[in-house]
Amino acid sequence: MPLISRKQKTAVGLDIGSYSIKLVEMRHTNGSYEITNVGIKKLLPGAIVDGEPMDRDAVVSAIREVFEETGVINRNVVSAICGRSVIVKKIRLDEMDEDLAREVITVEAEQYVPFEREELSVDFEILRRGLPENTMEVLLVAAKKDRVISHVELLRDADLVPAVIDVDAFAVQNAFELNYEYEEDKVYALIDIGLSATNIGIVSNGLPLFNRDIQFGGQTFIEGMQRKLGITSEEARAALEGIPGAKPDEVLRAIETVGEELCTAIERSFSYLRSSGDAERVDRIYLSGGGSLISGLRSLIAEKLGIEVELANPLRNIEFREEILGADPVSIGPSLMVAIGLATRQGS
Ligand SMILES: Nc1ncnc2c1ncn2[C@@H]1O[C@H](COP(=O)(O)OP(=O)(O)OP(=O)(O)O)[C@@H](O)[C@H]1O
Ligand SMILES: [Mg+2]
């Protein structure tokens with residue numbers, strides 16, 4: 018028996034979504050990841066609207082409850098602010114070292130985003146150096162300071178310590194990289210469909226090419242079904258999430274009609290990508306988020322866009338005991354994409 022047992026440090030990813038709060042605790046040892054705890058707490062409709070907590074008390078209580086129910090004691094969390102409060106943009110700068118780049122970006126950030134410098138919280142990552150005309154490509158991440166502050170306050174109210182504040186889209190990419198290999202020059206679209214938004218991220222050779230958050234998600238399906246079928250939002254939500262095989266034809270048709278609009282929105286992003294010259298085509302789509310489980314959506318996107326579509330499995334390279342998930346991995350995995358990606362940012 019070892020004389021000293023070193024306490025294992027865990028990493029906690031907390032995805033505060035508008036449909037549900039997801040908590041993933043992971044341990045990172047010898048290059049492999051193991052999930053030690055998973056908790057999901059649904060929120061009442063309206064508690065978070067467009068990524069902003071409307072009912073703060075309800076959100077804080079739900080966060081506290083998910084910690085209590087899972088028994089996770091580590092209060093240092095990695096969480097994210099959603100894409101709508103952040104601007105992620107690729108910019109070109111003259112070749113320079115990282116410290117100077119930080120100064121330049123802090124001063125010049127307001128050129129690239131529609132906010133005043135004083136309101137901005139800025140971060141960046143140098144993506145590629147040695148480009149023509151002695152330039153480099155930089156990923157600029159600019160968030161409105163008040164959004165970041167109110168997010169930190171929300172976490173503190175729930176007795177948490179914000180270790181890292183990330184962006185949903187980056188978490189999706191991290192979860193992807195943990196579980197899949199980039200094939201050289203292949204272009205992947207990582208599409209995370211939540212309740213209120215869908216994030217479209219396009220990646221290739223380990224680099225982000227494009228990112229966009231669209232206001233289209235499960236909520237759009239629920240509203241479309243309400244209109245087409247003359248039912249309440251509760252009924253529409255239940256029908257959307259009901260067992261695929263047991264859905265009446267008119268429900269499937271309503272889902273398909275809304276799904277076609279989503280395909281159009283995705284296609285618009287892809288054509289922007291083509292016109293910007295960043296990529297000719299997308300080779301494969303990976304869907305995640307609870308919305309990826311909507312009946313028939315995967316095959317509809319594949320058919321409409323003529324691209325191979327897979328459900329992302331963020332648990333593919335991760336060890337876990339099945340009872341920890343509280344549901345079967347296939348049905349719960351896609352919803353945990355962001356939380357898993359967040360947890361990879363810490364504890365290594
Ligand atoms: N089994 C299922 N079948 C169909 N739809 C589902 C299923 N499970 C969840 N959903 C839908 O997935 C959506 C929620 O997904 P998710 O949990 O990823 O959202 P969120 O991250 O909380 O929201 P957001 O990121 O938009 O703030 C809801 O619209 C819900 O109706
Ligand atoms: Mg989400």
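This note's numbering puts the sequence shown at residues 18 to 365.
Just so it is clear, CB atoms sit at the ideal spot from N, CA and C, and this is done for glycine as well.
Met-71 by DSSP, collapsed to three states: which one?
Judged by DSSP in its simplified three-state form, Met-71 adopts coil rather than helix or strand.
So for Ala-263, helix, strand or coil by DSSP?
helix
Quick one, what's near ligand 2 if you take every residue whose CB is closer than 5 Å to any heavy atom, in chain order?
Taking a cut-off of 5 Å from the heavy atoms of ligand 2, the residues with a C-beta inside it are Gly-34, Gly-211.
For the alpha helix (DSSP H) that contains Met-43, what are its first and last residues?
No alpha helix (DSSP H) holds Met-43; the beta strand (DSSP E) holding it covers 37–46.
Cross-strand partners of Ala-188 (DSSP beta bridge):
Per DSSP, none; premise fails for Ala-188.
Nearest-angstrom beta carbon gap, Ile-166 and Met-153 [assumed within contact, 8 Å]
Not confirmed; about 31 Å, so no contact.
Which complete beta strand (DSSP E) runs does the stretch 256–316 hold, if anything under 3 residues is left out?
Those beta strand (DSSP E) runs which fall completely within the stretch 256–316 and span 3+ residues are 301–305.
Is the beta carbon of Cys-99 within less than 7 Å of some heavy atom of ligand 3?
With respect to ligand 3, the structure offers nothing, as its ligand set consists of ligand 1 and ligand 2.
Note the first and the last residue of the continuous alpha helix (DSSP H) segment covering Asp-163.
Note, Asp-163: alpha helix (DSSP H), 162–174.
Taking just the CA atoms, how far does Ala-175 sit from Arg-73?
10 Å
Runs of beta strand (DSSP E) lying entirely within the stretch 107–157, each at least 3 residues, in chain order
137–148
C-alpha distance - Glu-170 paired with Gly-234, whole-angstrom precision
27 Å
Mapping DSSP to helix, strand and coil, what is Pro-346?
helix
Given this structure, state the Cα-to-Cα distance separating Ala-97 from Ile-182, to the nearest angstrom.
5 Å
Should Leu-61 be labelled buried (16 or more other beta-carbon atoms within 10 Å of its own) or exposed?
exposed
Can you check DSSP and say which residues form a bridge with Phe-337?
Residue pairing of Phe-337 in beta bridges, as defined by DSSP: absent, with no partner found.
As a quick exercise: from Tyr-303, Glu-115, Thr-27, pick the residue whose alpha carbon is nearest that of Glu-198.
Tyr-303
Provide the residue(s) that pair with Asn-54 in DSSP beta bridges, ordered along the chain.
Glu-42
Quick one: what's Arg-244 bridged to in DSSP?
According to DSSP, Arg-244 bridges with nothing at all.
Say yes only if the C-beta of Arg-254 is nearer than 7 Å to one or more non-hydrogen atoms of ligand 1, and no if none qualify.
yes
Considering only their Cβ atoms, is the gap separating Ile-335 from Lys-52 smaller than 8 Å?
Looking at the sequence shown, residue 52 is not Lys but Ile. Yes; because the gap between Cβ atoms is below 8 Å, this pair is in contact.
Check whether the Cβ of Ile-311 sits closer than 7 Å to any heavy atom of ligand 1, and report yes or no.
yes
For the stretch 310–321 against the stretch 222–231, are there 3 or more C-beta pairs whose distance is under 8 Å?
Here the stretch 310–321 makes no contact with the stretch 222–231; the two share fewer than three CB pairs at distances below 8 Å.
If you reduce the DSSP assignment to three classes, tell me which class Glu-198 lands in.
coil
Does the beta-carbon of Ser-293, which I'm using as the reference point, lie nearer than 7 Å to any heavy atom of ligand 1?
no
Mind reading off the beta-carbon distance from Ser-213 to Gly-68? Whole number of angstroms is fine, and I expect it under 8 Å.
7 Å
Compute the Euclidean distance between the alpha carbons of Ser-292 and Phe-227, then round it to the nearest angstrom.
12 Å
Compute the Euclidean distance between the alpha carbons of Leu-314 and Glu-273, then round it to the nearest angstrom.
7 Å
Tell me the DSSP secondary structure of Val-103 in three-state form.
strand
How is Ser-78 classed by DSSP in three states: helix, strand or coil?
helix
Measuring straight from C-alpha to C-alpha, what distance separates Phe-132 and Ser-286?
Rounded to whole angstroms, Phe-132 to Ser-286 spans 24 Å at the Cα level.
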